[in-house]
DNA sequence: ATCGTTCTGGTACATTCGTGCCACTAGCTG
DNA sequence: CAGCTAGTGGCACGAATGTACCAGAACGAT
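In structure tokens:
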């Protein structure tokens, strides 16, 4: 039995990693993610996923005991990847002692770029986040995810000399979440420059202590 | 034919408003909202809605031509009500020239209270917002909704003397959205005091110009 | 080569789904 | 009264769904 053996996935899922079966498993998860983002959670059926992934119907029931499990695992994959990406960004930026304006530009640009280049993935993350509202197991994972975000934001806040890094991290994570949602819902192409950047510049600048971003 | 005649609903839907049929129509919409919030968009089927609303199956197809239309109308009902509620709050607070701390307490308390007392409704709003990502007609309504929020936030910003009310409104709406999402996902009972209030106090205080909230 | 496990791909089935249909009642207009 | 429209409620149908099942391929270990 391969099912329920969720501990076997590759730690490094780039290109050719993982055993043969693990790759197929991941293909299925990615297909699910694409479906959720493009056509909504309703459209996730074993058949639709199988077709999207290019595998026979039974492969989806082989790797995942039920539709519930399929959705859970999809969320965990997406959340893990997203956290890693964010982690890379912050850990790369933090030691450089940037100005607030540079932080805003870097974070905003990266975030808006990510959302714009993979909207389906981010829509799916929100959908799954809401799904987690109702499923205890997903809820736990979601909580871990939120905590990771908070820690990263706190790190950034300390790096710009925030006097209240914990509260500020709370505000920043909430704002970033809200902005991502706005970008997804609004669909404008100039979101990064027209909304995300100015909003973050203003926010970071004020939180840092009132120094104008371009001073 | 009653269908597609979406202009007929009551402007004042308390208790006994609207014609006989309009009340049933609204009952169906509210049942749908409850279902979405408690069991997710997937669980919205004609049969489930009918049972939840206490009407026969055919009533759902009589008042709404399709499942799509049912979801659209549900979103519009929820969005309209939510906007009205927010509008009432801001219009009541704005002329009172409150301090930033009072603003934070009022807005945060109200918002957290609303979310806590009707979590299903707010989950449903987010779900439908995501759905709007894919449906042009819903998207338009969502845009109007966002704009209303922005205008209200801008009004509040001017009332606390923000030097950049437009950008600040952007930040505030995004933050409130993110905080609501956090409250829904986290499920902690002390969210209002432990998270929402301090975050908003800090944010409002900084945006207003750096005066401590309790000064 | 032979065995056991992992994985594959096809098919079958009971259930649930959206929706169309129709006979019927309620309530108003003349 | 008749007649019309809005609204009601039960039922049926074809399509889609989750999932079980099974015969066999692939493949490492002995």
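Chains as they are written, first to last, in my numbering: chain A, 27 to 241; chain B, 27 to 241. Cβ atoms here follow ideal geometry from the backbone N, Cα and C, with glycine treated the same way. Only a predicted model underlies this, so the values are computations on that prediction, with no experimental measurement involved.
Following the continuous alpha helix (DSSP H) through residue i, name the residue where it begins and the one where it ends.
i              : result
residue 198(B) : 191–212
residue 140(A) : 126–143
residue 107(B) : 93–119
residue 54(A)  : 46–65
residue 23(B)  : A query on residue 23(B) cannot be resolved here, the shown segment of chain B reaching from 27 to 241 and no further.
residue 73(B)  : 72–79
residue 84(A)  : 83–89
residue 182(A) : 162–185
Return yes when the Cβ of residue j is within less than 9 Å of the Cβ of residue i, no when it is not.
i              : j              : result
residue 150(B) : residue 207(A) : no
residue 86(B)  : residue 157(B) : no
residue 154(B) : residue 97(B)  : yes
residue 138(B) : residue 218(B) : yes
residue 54(A)  : residue 89(A)  : yes
residue 57(A)  : residue 79(A)  : yes
residue 197(A) : residue 220(B) : no
residue 11(B)  : residue 180(B) : Nothing can be reported for residue 11(B): it is not among the residues displayed for chain B, which extend from 27 to 241.
residue 65(B)  : residue 160(A) : yes
residue 187(A) : residue 195(A) : no
residue 82(B)  : residue 74(B)  : no
residue 113(A) : residue 174(A) : yes
residue 141(A) : residue 227(A) : no
residue 185(B) : residue 120(B) : yes
residue 171(B) : residue 100(B) : no
residue 230(A) : residue 152(B) : no
What distance in whole Å lies between the Cβ atoms of residue j and residue i, which are believed to be in contact at a cut-off of 8 Å?
i              : j              : result
residue 223(A) : residue 134(A) : 5 Å
residue 59(B)  : residue 147(B) : 6 Å
residue 169(B) : residue 212(A) : 7 Å
residue 50(A)  : residue 232(B) : No, residue 50(A) and residue 232(B) are not in contact; Cβ-Cβ is about 50 Å, not under 8 Å.
residue 178(A) : residue 116(A) : 4 Å
residue 52(B)  : residue 102(B) : Actually they are not in contact, since the Cβ atoms of residue 52(B) and residue 102(B) sit about 12 Å apart, beyond 8 Å.
residue 93(A)  : residue 72(A)  : 7 Å
Exercise. Got a sec: which bits of the region 147–179 of chain B sit with their beta carbon under 8 Å from any beta carbon on chain A, in order along the chain?
Worked result: Residues of the region 147–179 of chain B with a C-beta less than 8 Å from any C-beta of chain A: 149, 152, 153, 155, 156, 157, 158, 159, 160, 165, 168, 169, 172, listed in chain order.
For this session: Return the residues of the region 183–206 of chain B that lie within a Cβ-Cβ distance of less than 8 Å from chain A, sorted by chain order.
Result: Within the region 183–206 of chain B, the qualifying residues are 190, 193, 194, 196, 197, 199, 200, 201, 202, 203, 204, 205.
For this session: Scan the region 53–82 of chain A for residues whose Cβ lies nearer than 9 Å to a Cβ of chain B and list them as they occur along the chain.
Result: 63, 64, 65, 66, 67, 68, 70
For this session: Identify each residue in the region 106–120 of chain A for which the Cβ-Cβ distance to at least one residue of chain B is less than 9 Å, and report them in chain order.
Result: none
Exercise. Which residues, in order along the region 225–237 of chain B, keep a beta-carbon less than 7 Å from a beta-carbon of chain A?
Worked result: 225, 228, 229, 232, 233, 236
Exercise. For the region 206–222 of chain A, which residues have a beta carbon sitting closer than 8 Å to at least one beta carbon of chain B?
Worked result: Under the 8 Å Cβ criterion, the region 206–222 of chain A contributes 207, 208, 210, 211, 212, 213, 221.
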